[in-house]
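Undergrad:
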Amino acid sequence: MTRTAGTFPPGRLRDVSAFLDPQSIAVVGASDREHSLGGAAVGFLRKFNYPGEVWPVHPKGGSVAGYRAYTGAEDLPGAPDLVVFAINAGLVPAAVSQYAARGARSGVVWAGGFAEGGPEGADLQRELVDACEESGMAVLGPNCIGLISTEQPVIASFASFLREVDTLPVGHISMIGQSGGLVTMAVAKAQERGFGFRYAVSTGNEAVLTTADFIAAFADDASTRVIAAYMEGVQDGPRLVEALGAARRAGKPVAVLRGGTSKASARAAAAHTGALAGEARVWQAVFEEFGVIEAVSLEELIDLVTQIASTPALVRPNGPGVGLVTFGGGGGVLAADQCERHGLSVPPLSEATVRRLRPLVPPIASVANPVDLTPQVYSDPKWMATLPQALDAVAGDAAVDSVLLQFGPMAAGAAEIASEAQAFMARARVPVVLAWPLAPKEAADWLARHAVNVFDEYDRAIRVIAALASASQDPQTETLVPSAQIDWSSVCPAPAPGTVLAEHAAYRLLEAAGLPVAANQLAGSAKGVARAGDLVGWPVAIKGMSSAITHKFAAGLVALNLADADGATDAAIGIEQRAQQLGVDLDGLLVQQMVDGACEILVSALRDPNFGVVVSCAAGGVMTELIDDVVLRRAPFGPKAAAASLARLRAVQFALSKRSWPLAPLASFVSRFSQMAADVPWESFVIEINPVAWTGSEARAVDGLILIEQP
């Protein structure tokens, strides 16, 4: 088969509305035979009262689960909105073509045995993709459990948990996962807590449709409040970026559990950048850019999404300040310690808040933060009556970005307290997280019936607050100035794979992009270094230039702090002799003005295979290999985004704490560098400036390397 180019172009999100709201479903492979997956699909459609048309397909016709069965695609009464292919893998490509010819445009392929099964399976998956591209049918899967939509409801799944439940409560959580088992486990466990899902989709091998297509659809769905995802990889990075951007703009939080985080995406032995920008860090940079909340376990993912589903839409923490409200001093002290461990703060309440609180709480209560209301509130109607006002006072304090409400064991009034907690969560201007170890059964049941999230352990609740706070910052939106037009062929005409451009060539590129470079001159030999030093200004550094040596200092080809012509000449002769010992031909001797008292930052860029050009910033100079201090961001980006990233580096924080330097020059350098890097025409490359010397008033490149791995 030949592919029809452009039917499913990369980087373009696809319409999946027919999957989520089909009016007719055909099930190919349906049968009343015991253990038949196709029969299970039809049975689930009947069990959960799917209101649309159900068209089982069986070669002999007859009936399946009480529905009339049809013999094939041509026998159907019309074009189905959705086709469930419950047949063996080898039959799927031809069946896709047949049902697409009947007018179907959406299908679910359950069968395994495709790309996950080895070379033969990979060939079969290519046949499936070819059939889809030629016919225009989009398929979910293969190797997936399918999808569930609770509102209609649509059950295009054979998940075993569906046999154990009689109803599927409708909720505000929509989930996509490359593992069907994890998706259905999440649905079942959330249902145990009293939470329904809106959609649950298993994408499997993602031969055509991907996680991104469904994230974008859920972002546009008014009833979806939070999007959950389990991901092991990405088929189309630009499409995922577009989808995450759509969710961000729609105010729909995305929580992701990711598997396979131990691989490294880029290894460039000639530079530090490959080690700094591993695959996990690139993903982290993308998640941070779009406010994605990353979970470390399925339990934490469920904690996150059920908490967000309990909170009114768009109520998110604006910072790390937590108001702790407890009914026993020890719990508050413990929670304060845990907040600090997770990067949160427990700020003192304002004097105005304290004055407002005092008449609303028992005399023995503590109105510091943590606020200990004492168990007297439970037993005294007077203080129970003023509890709503006391809670509102804490939530209204300017320093409080979220509230942790901690209850404990109680003998009576549990349902009343549970109701009050729900009302507080609904009206508070900040998110409220409820922790209730040993909650009485009447309270636990009440909260589950009303889909109110409750934690039975403080630390889990605080982890969720920390995750929400870290992902709640507004995205940096900036208008970028047009980047400089660079003649890349003049920098390196017709490069071969693996070409290394030495420092002086890197400087030509940076200068063409308008980036400041420390004054330098290339001398042909030791005889010319004295004049070069006069031109750039003493003291100077001298570096032997050779594309064969990427780490010049370690090779003994660098001399620093040369104050005069005699010292520079002697050092240059020594570098030439060292090059002879190494068997290296020098392109010349670079004489460069020394930059004293600078904070040294590594700034580099590479093209990630999934997400495009990524810029990394790290502690520079000799510190690069000594401390793990790095931030990454997709290019291009503006000075505000650059400053926000740089401010997270410990090296920058230390410099700012010791000196009153403005960050703007360094942020401007990094932003302009990101724009230059985004325009690089080479397929695979590393550009590394180590270091950029930041002195407060300016930032200048003082060393550089370009590696063209693949032109």
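When you line the sequence shown up against our numbering, it's residues 39 to 749, in that order.
All residues carry an ideal CB built from backbone N, CA and C; glycine is no exception.
#1: Since PHE235 sits in a beta bridge, which residues does DSSP pair it with?
#2: Could you compute how far the alpha carbon of ARG84 sits from the alpha carbon of ALA103?
#3: Let me make sure I understand the geometry here. Which of VAL272, ARG277, GLY271, VAL239 has the alpha-carbon closest to that of ILE265?
#4: Do VAL708 and VAL641 count as a contact pair if the criterion is CB distance below 7 Å?
#5: Does the distance from the CB of ILE331 to the CB of ALA293 come in under 7 Å?
#6: Does DSSP put GLY54 in a helix, in a strand, or in coil?
#7: Could you tell me which whole alpha helix (DSSP H) segments of length 4 or greater appear in the segment 214-297?
#8: Indicate whether the contact test is met: 3 or more Cβ pairs, each with one atom in the segment 517-531 and one in the segment 353-369, closer than 8 Å.
#9: Beta strand (DSSP E) containing SER642: first to last residue?
#10: Taking one C-beta from the segment 608-627 and one from the segment 555-562 each time, how about it: are there three or more such pairs within less than 8 Å?
#11: Secondary structure at TYR105, three-state DSSP: helix, strand or coil?
#12: Identify whether GLY582 lies in helix, strand or coil by the three-state DSSP scheme.
#13: Counting C-beta neighbours from all protein chains within 10 Å, is the total for ALA390 16 or more, i.e. buried, or is it exposed?
#14: Can you give the Cα-Cα distance for LEU200 and PHE82, rounded to whole angstroms?
#15: Let me know the secondary structure DSSP gives LEU553 once reduced to three states.
#16: Tell me the start and end of each unbroken alpha helix (DSSP H) in the segment 444-508 that is at least 4 residues and wholly inside, in chain order.
#17: Express the C-alpha separation of CYS182 and GLU154 in angstroms, rounding to a whole number.
#18: Among the residues of its own chain, which have a CB less than 6 Å from the CB of LEU314, if the five just before and after it don't count?
#19: Please classify ILE214 as buried or exposed, where buried requires at least 16 other C-beta atoms within 10 Å of its C-beta.
#20: Is the distance from the Cβ of ALA267 to the Cβ of THR249 below 7 Å?
#21: Report buried or exposed for SER528, applying the criterion of at least 16 other Cβ atoms within 10 angstroms of its Cβ.
#22: When we look at the beta-carbon of GLU112 and count the other beta-carbons within 10 Å, is it buried (16 or more) or exposed?
#23: Would you list the one or two residues that DSSP bridges to GLN559?
#24: Of the residues GLN691, ALA601, ALA373, ARG672, which one's Cα is nearest the Cα of CYS637?
#25: So, at 6 Å on beta carbons, what are the nonlocal neighbours of ASP259 in its own chain, with the 5 sequence-adjacent residues on each side left out?
#26: Can you find the residues in the same chain that come closer than 6 Å, C-beta to C-beta, to VAL208, ignoring five residues on each side of it along the sequence?
#27: Please report the distance separating the alpha-carbon of ARG686 from that of SER335.
#28: Using a Cβ-Cβ cut-off of 8 Å (strictly less than) and excluding sequence neighbours within five positions of THR344, which residues of its own chain qualify?
#29: Check whether the segment 601-613 and the segment 567-587 touch, using three or more Cβ-Cβ pairs below 8 Å as the test.
#30: Just the C-alpha distance for SER383 and ASP430, rounded to the nearest angstrom, thanks.
#31: Pick helix, strand or coil for ILE340, following the three-state DSSP scheme.
#32: Just how far apart, CA to CA, sit MET448 and VAL409?
#33: Looking at the strands, I want to know which residues DSSP matches up with SER144.
#34: Alpha carbon to alpha carbon, what distance is there between GLN618 and HIS380?
#35: How many Å lie between ALA347 and LEU120 at the Cα?
#36: Note down the Cα distance separating ARG645 from LEU547, rounded to an integer number of angstroms.
TA: Result, derived from the coordinates:
#1: ILE211
#2: 8 Å
#3: VAL239
#4: yes
#5: Taking 7 Å as the Cβ cut-off, ILE331 and ALA293 qualify as a contacting pair.
#6: The question names Gly, yet the displayed sequence has Val at residue 54. Residue state, collapsed to three classes: coil.
#7: 218-230, 249-257, 275-288
#8: no
#9: 637-646
#10: yes
#11: strand
#12: strand
#13: Counting Cβ neighbours within 10 Å, ALA390 comes out exposed, since fewer than 16 surround it.
#14: Roughly 8 Å separates the two Cα atoms.
#15: Secondary structure of LEU553 (DSSP, three-state): coil.
#16: 452-465, 479-487, 496-508
#17: 11 Å
#18: With a pLDDT of 49 at LEU314, under the threshold of 50, the predicted position of this residue should be treated as unreliable, though the coordinate-derived value follows. SER654, ALA656, VAL668.
#19: buried
#20: yes
#21: exposed
#22: exposed
#23: Within the DSSP secondary-structure output, GLN559 pairs in a beta bridge with VAL629.
#24: GLN691
#25: The answer is none, since no qualifying residue turns up.
#26: Answer for VAL208: THR188, GLU189, GLY234, listed in chain order.
#27: Here the C-alpha atom of ARG686 lies approximately 26 Å from the C-alpha atom of SER335.
#28: ILE211, ALA228, ARG231, PHE233, ASN491
#29: yes
#30: 19 Å
#31: helix
#32: 18 Å
#33: ALA176
#34: 55 Å
#35: Going by the C-alpha atoms only, they are around 29 Å apart.
#36: Approximately 17 Å between the Cα atoms of the pair.
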